[in-house]
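Reading through the structure tokens given below for one structure.
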Amino acid sequence: MVQEQYRKGKKYYFCEKCGFGYQESNTAHECEDYCGKNNKCSRDITSNALFR
40 MVQEQYRKGK KYYFCEKCGF GYQESNTAHE CEDYCGKNNK CSRDITSNAL FR
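Residue numbers (this note's numbering): 40 to 91.
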């Protein structure tokens, strides 16, 4: 399940599988789905990450 966290007053969404953080919830869900199915990260998805 994607985690919501606030940093500097803004909400970000984090993949619980790899820990990457995103501005958009949909991207975090996509990342988590990919990580769960493939047991690794997608470069296309993680290129949008704001936090590690």
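From the three backbone atoms N, C-alpha and C, an ideal C-beta is built for every residue, glycine too.
Reducing DSSP to helix, strand and coil, say where residue i ends up.
{"i": "residue 79", "result": "coil"}
{"i": "residue 43", "result": "strand"}
In angstroms, rounded to a whole number, what distance separates the CA positions of residue i and residue j?
{"i": "residue 88", "j": "residue 59", "result": "6 Å"}
{"i": "residue 82", "j": "residue 56", "result": "15 Å"}
{"i": "residue 54", "j": "residue 85", "result": "10 Å"}
{"i": "residue 49", "j": "residue 43", "result": "10 Å"}
(message) Which complete beta strand (DSSP E) runs does the region 47 to 72 hold, if anything under 3 residues is left out?
(response) The qualifying runs are 49 to 53.
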